[in-house]
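Position 57 of the sequence shown, counting from 1, maps to 57 under full-length UniProt numbering, and the rest follow consecutively.
Quick reminder that beta carbons are idealized off the backbone N, C-alpha and C, glycines included.
In what follows, a structure is listed as structure tokens, so that the remarks can point back to it.
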Amino acid sequence: QVAWLHVDTQTILTIANHVITKNHRIAVTHSGHRAWSLHIKDTKESDGGWYMCQVNTDPMSSNTGYLEVVVPPDILDSPTSTDMVVREGSNVTLRCAATGTPEPKVTWRRQVEGTITLSNWHEVAEGPELEITRVTRLHMGAYLCIASNGIPPAVSKRIVLIVHFQPMVRIENQLVGAYEGQTLTLECHSEAYPRPITYWTRPSNETIANGNNYKVETIPKGYEITMRLTIKFVRPQDFGSFRCVATNSLGETDGKIKLYRIDRPPTTRRPNTRRDSKKSWKIDRSHEKNTAGMKDEPILKGVENDEEQIDFQSATASSLLHRHLFANLGITIVILAGGLST
């Protein structure tokens, strides 16, 4: 007869074709009288260990084999860390408890950046615990605890680290020049968490609200906030110090921008792009004798240029002269003097 035993637990599983154990997942088959096979369904981690096939002969013979049951990794809810809130400057430890066979390897990654800042270098941390000393706002974000042991699938857990710190304000241009009537925008940059309440005050120390002459904008990005104040029409009372203020449960910080008066830039008149036609005129002057045979005042006979010739012998000479000479800008006005003598 052939028997199967679980050596680690000293349990007889089968004898010949009969299953002795009460474990319904165990079965035995044989091919002829030479090959006997032990079958285990829905294998569990506890099924691992040494097994013996024993033949009841005289003398007794046996053979042993080792069953290694591999288990995909799993992350335990406890003592694995949950989302954490800490003050800037404190120390924090993130924990990740994983099980599996073989024992899983635990690595840590930032969910977005892909690396973790430890001291002054970037690296992917390994081990069940991630220790961060003197936490700063740069450490804030989501961390992934990843457990893998070569047996798919690998598993991960997301842990969010939230860092609280009081507001700070940064201003790039603290002195801004403007002239009356100008439109301009003042800008402050704030960092704070929890997200702060922000507002502006004008030189009279009044809080500024959106209105006809002011436009207030707040643009958040993570723990950073850009504060913008647009003055649509600078008035005399706008010259002075504007304050941008950020406040949260940990404190309040402000920054000042001084708006000073400058002269309005001179207005430059656009040149007239109309090209006036310039004509070259030739005036024919001659003297004619009067009835007494004496030379009289010079008579304007005609005015001509390259394009046209005008005869002023007619009665309308004077009106034509005025019309042609004064209709073109830039023409030289000619005064004809009389009384010339030979």
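query                                                                                                                                                         : result
Would you give the residue range spanned by the beta strand (DSSP E) that H24 belongs to?                                                                     : That residue, H24, is in no beta strand (DSSP E); it is neither H nor E in DSSP.
Per DSSP, which one or two residues make a beta bridge with H33?                                                                                              : Paired residues: none, contrary to the question.
On the three-state DSSP scale, how would you describe R235?                                                                                                   : coil
Does N210 pass the burial test, meaning 16 or more other C-beta atoms within 10 Å, or should it be called exposed?                                            : exposed
Using the Cα positions of V234 and Q182, report the straight-line distance between them to the nearest angstrom.                                              : 5 Å
Decide if P59 is buried, meaning its Cβ has at least 16 other Cβ atoms within 10 Å, or exposed.                                                               : exposed
Whose C-alpha, out of M227, T230 and D238, is nearest the C-alpha of E206?                                                                                    : D238
Unbroken alpha helix (DSSP H) runs of length 4 or more, entirely within the stretch 103-170: which are they?                                                  : none
If I measure Cβ to Cβ from C244 and keep anything under 6 Å in the same chain, skipping five residues before and after, which residues do I get?              : C188, W200, M227 and G255
Any idea what DSSP makes of E252, helix, strand or coil?                                                                                                      : strand
Suppose the cutoff is 8 Å on Cβ atoms and the five residues either side in sequence are ignored; what does the same chain contact list for T11 look like?     : L5 and T21
State the Cα-Cα distance for the pair E68 and L13, rounded to the nearest angstrom.                                                                           : 18 Å
CB T253 to CB Q174, shorter than 8 Å?                                                                                                                         : no
Using only alpha-carbon positions, find the residue among W36, P153, P266 and R202 that is nearest to V71.                                                    : P153
Looking only at its chain, what residues have a beta carbon closer than 8 Å to the beta carbon of H39, apart from the 5 residues adjacent to it on each side? : I26, A27, V28 and T29
Does the stretch 140-149 come within contact of the stretch 104-113, defined as at least 3 CB pairs closer than 8 Å?                                          : yes
Between which two residues does the beta strand (DSSP E) holding V74 run?                                                                                     : As written in the sequence, residue 74 is Asp, which differs from the Val given in the question. Run containing D74: V71 to I75, per the beta strand (DSSP E) assignment.
To the nearest whole angstrom, what separates the beta carbons of P128 and R95, a pair I think is in contact under 8 Å?                                       : 6 Å
For S241, which of helix, strand or coil comes out of DSSP?                                                                                                   : strand
Whole angstroms is fine: what's the gap from I151's alpha carbon to A192's?                                                                                   : 43 Å
Find out if the Cβ-Cβ distance for the pair W50, D77 is shorter than 8 Å.                                                                                     : no
Which of the three DSSP states, helix, strand or coil, is assigned to E45?                                                                                    : helix
Tell me whether H164 is buried or exposed, calling it buried when 16 or more other Cβ atoms sit within 10 Å of its Cβ.                                        : buried
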